[in-house]
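The letter at position 353 of the first sequence is residue 363 when you use our numbering, and the numbering goes up by one with no holes.
Following: one structure in structure tokens, then a few remarks.
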Amino acid sequence: MKTKIEIPAVKLYNTRTRKKEEFIPINPPYVGIYVCGPTVYSDPHLGHARAAVVFDVLRRYLNHLGYKVRFVSNITDVGHLEGDSDEGEDKIQKRARLEQLEPMEIAQHYTRVYNMSMAKLNVIPPNIQPHATCHIPEQIELVEKILERGFAYVVNGSVYFDVPKYAKKYQYGVLSGRRLEELENVSRELRGVEEKRHPADFALWKKAPPTHIMKWKSPWSVGFPGWHLECTVMNAKYLGIPFDIHGGGMDLIFPHHECEIMQSVAAWDTEPVKYWVHNNLITIDGQKMSKSLGNFITIEQVFTGSHDRLSKAYHPMAVRLLILQTHYRSVIDFSDSGLAGAERAYKRLVQALKKLNNLEFVGGNEDTSMQAQIVEYIRKFYEFMSDDLNTARAVAQLFELAGIINKLSGEGKFVKTISKEVGDMLKNHYSKALTDILGIVPEEEHVDSTRLYGVLQILISIRQEARARKDFELADRIRDQLKELGIILRDTPQGTEWEIE
RNA sequence: GGCAGCGUGGCCGAGGGGUUAGGCGGGGGCCUGCAAAGCCCUUGACGGCGGUUCGAAUCCGCCCGCUGCCUCCA
């Protein structure tokens with residue numbers, strides 16, 4: 011029985027080339043990943059959860075394969091315009107005025123909420139989580155550099171990127187496939203459009219109106235940085251140019267990531283990124299979920315069940331599994347029943363893990379075809395993970411393994427049908443695949459104290475005695491009342507199991 | 001209007017010229033004092049019309065329906 015798993019080369023779909031490509035790091039074994047983080051002016055929603063989970067799994071997988079990953083994900087705490095505001099008011103500033111708080115207080119609050127939600131989803135924190143407002147000098151420097159190289163112009167204290175000039179020397183729209191002529195017909199109603207020479211030009215620095223609170227000194231005006239600048243600055247600073255993987259939602263391809271490329275090329279004559287990876291969006295009733303449409307569900311609402319569309323509170327791992335049961339480049343149409351299904355499925359996977367940990371593989375009466383299946387499902391797990399991070403297919407292999415584990419546990423603690431070698435392999439890979447790579451972890455089952463744990467053991471043994479003398483009234487009362495407290499008892503041939511809900 | 005993409009069984013979702021995706025749910029059986037969990041069996045799908053092919057859910061064309069980007073967004 012061959013128990014060595016060969017892991018195929020990782021392939022990723024590169025938006026830049028519109029093809030799946032073999033992943034070859036620029037400086038192996040080091041890998042730099044930058045993922046566009048949240049704008050911290052409101053509660054994070056399911057869309058944030060998706061991007062975070064997808065790139066968390068990519069990072070975990072590359073780590074698992076032995077790469078040394080530096081994962082950078084920013085906090086945008088300044089500089090994005092409010093879409094429905096005709097004044098072009100800064101999002102965070104607007105929110106601050108409404109709530110009578112300092113802008114930084116808002117940003118700090120929502121940064122904390124975001125990080126807490128990510129922790130519940132078991133997303134590993136970034137190695138570096140840089141804030142836009144902490145990199146104003148670097149952003150000013152970059153604007154100067156682009157001005158020096160002649161790809162920007164100053165108007166009334168604001169600086170704009172000169173797209174037509176850029177397009178003469180370099181190719182425009184390499185990421186989005188957009189053509190410059192097509193953008194000329196697009197009408198803009200945003201303020202400041204009259205300052206731009208071309209509709210496709212975009213701001214590198216904006217002069218702040220007198221009422222604006224968040225503003226900094228610059229050579230051109232007291233103002234604030236343009237909307238695409240921070241990412242260029244921070245990925246160059248922490249990962250170097252070029253770096254390996256830049257991730258984010260598909261809605262960022264144009265204009266945000268296109269502008270990042272132009273800024274980087276204009277400043278250093280170098281495209282910043284080798285592999286552009288984009289996750290698809292989450293829809294609700296077939297419509298995109300977004301802040302501006304107001305149809306979003308926040309992550310916390312899912313965890314507490316406090317939303318009209320939710321019938322109950324869901325376990326964070328149900329959200330994580332729901333996301334991973336879909337390929338990252340497909341749309342997820344969100345539903346309550348989908349979450350409910352994912353939660354059941356999650357329990358199935360972790361129950362199998364618990365059972366597996368209690369089994370001992372002794373061999374002696376090996377079922378060779380089942381052993382071959384185990385090895386094959388494990389092999390396929392890695393094959394699908396390497397094939398453009400196909401977590402949907404990879405998870406399907408784990409369900410197959412869970413079925414086998416359940417079957418094996420019917421043999422009792424000592425399993426003869428599987429050799430020690432294959433059994434250990436199963437233990438090792440099932441657990442790693444589920445918890446380390448996919449990040450799906452069992453519920454923490456700590457009982458508050460060793461005393462309570464002892465009390466629980468006493469109740470279970472009293473109930474066993476009651477069952478033995480067929481006092482089912484007492485046995486059921488103990489089980490029902492514990493259930494009300496969220497402790498579930500399950501009688502199995504191996505004894506009574508308990509689980510905290 | 002331009003660009004990109006999607007339409008798969010009751011629901012969610014992979015796949016992508018012939019060979020079981022998987023999950024949730026439904027039905028039947030086993031186990032069990034009951035319950036839960038689990039096991040076995042089972043149901044059933046590729047938007048429509050043409051074409052290519054020995055063979056199409058998969059390729060091509062047209063049609064219908066839906067979505068995203070083109071304005072902040074994950």
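Using N, Cα and C, we set each Cβ at its ideal position, and we do this for glycine too.
Quick caveat: nothing in here was measured; it's all calculated off a predicted structure.
{"Check": "Y23 versus R188: straight-line alpha-carbon distance, rounded", "Outcome": "19 Å"}
{"Check": "Buried versus exposed, by CB contacts within 10 Å (16 or more), Y324", "Outcome": "buried"}
{"Check": "Whole-number beta carbon distance between E270 and P282, since they are thought to touch under 8 Å", "Outcome": "6 Å"}
{"Check": "Best match in H267, G233, S231 for proximity to T242 [C-alpha to C-alpha]", "Outcome": "H267"}
{"Check": "Straight-line Cα distance separating P174 from V312", "Outcome": "46 Å"}
{"Check": "Status (buried if at least 16 other CB within 10 Å, exposed otherwise) for A129", "Outcome": "exposed"}
{"Check": "Where the alpha helix (DSSP H) containing H238 begins and where it ends", "Outcome": "Run containing H238: none; DSSP gives neither H nor E here."}
{"Check": "Y40, enclosing alpha helix (DSSP H) - first and last residue", "Outcome": "No alpha helix (DSSP H) holds Y40; the beta strand (DSSP E) holding it covers 40-45."}
{"Check": "C-beta contact flag for I342 and Q381 at 9 Å", "Outcome": "no"}
{"Check": "Where the beta strand (DSSP E) containing H288 begins and where it ends", "Outcome": "283-289"}
{"Check": "E164 to D295 span [Cα, whole Å]", "Outcome": "Correcting the residue type first, residue 164 is Val in the shown sequence and not Glu. So the alpha carbons of these two residues sit roughly 45 Å apart."}
{"Check": "Start-to-end residues for the beta strand (DSSP E) that takes in L484", "Outcome": "Looking at the DSSP string, L484 is not in any beta strand (DSSP E); the run it does join, the alpha helix (DSSP H), is 482-494."}
{"Check": "N-terminal and C-terminal residue of the alpha helix (DSSP H) that H256 is part of", "Outcome": "Not the alpha helix (DSSP H): H256 falls in the beta strand (DSSP E), residues 253-259."}
{"Check": "Straight-line gap, M224 to E112 (C-alpha atoms, nearest Å)", "Outcome": "10 Å"}
{"Check": "N132 beta carbon less than 9 Å from that of I510", "Outcome": "no"}
{"Check": "Within 9 Å, strictly: CB atoms of H222 and Q149", "Outcome": "no"}
{"Check": "Burial state of Y463 (16 or more Cβ within 10 Å)", "Outcome": "exposed"}
{"Check": "S340 vs N290 beta-carbon contact at 9 Å", "Outcome": "yes"}
{"Check": "contact_flag[the stretch 28-39, the stretch 406-419] where n(CB pairs < 8 Å) is 3 or more", "Outcome": "no"}
{"Check": "Nearest-angstrom beta carbon gap, Y170 and Y176 [assumed within contact, 8 Å]", "Outcome": "Y176 to Y170, Cβ: 11 Å. No contact."}
{"Check": "Euclidean distance between Cα positions of F482 and A362", "Outcome": "29 Å"}
{"Check": "Outcome for Y387 when other beta-carbon atoms lying within 10 angstroms are tallied against a minimum of 16", "Outcome": "buried"}
{"Check": "Of the listed residues I43, T13, T49, nearest to L72 (C-alpha basis)", "Outcome": "I43"}
{"Check": "Residue nearest to H55 in terms of C-alpha spacing, selected from E31, I307, G373, T280", "Outcome": "I307"}
{"Check": "Given N166 as reference, the closest of W230, A246, D377 once Cα atoms are compared", "Outcome": "W230"}
{"Check": "V50 vs Y120 beta-carbon contact at 9 Å", "Outcome": "yes"}
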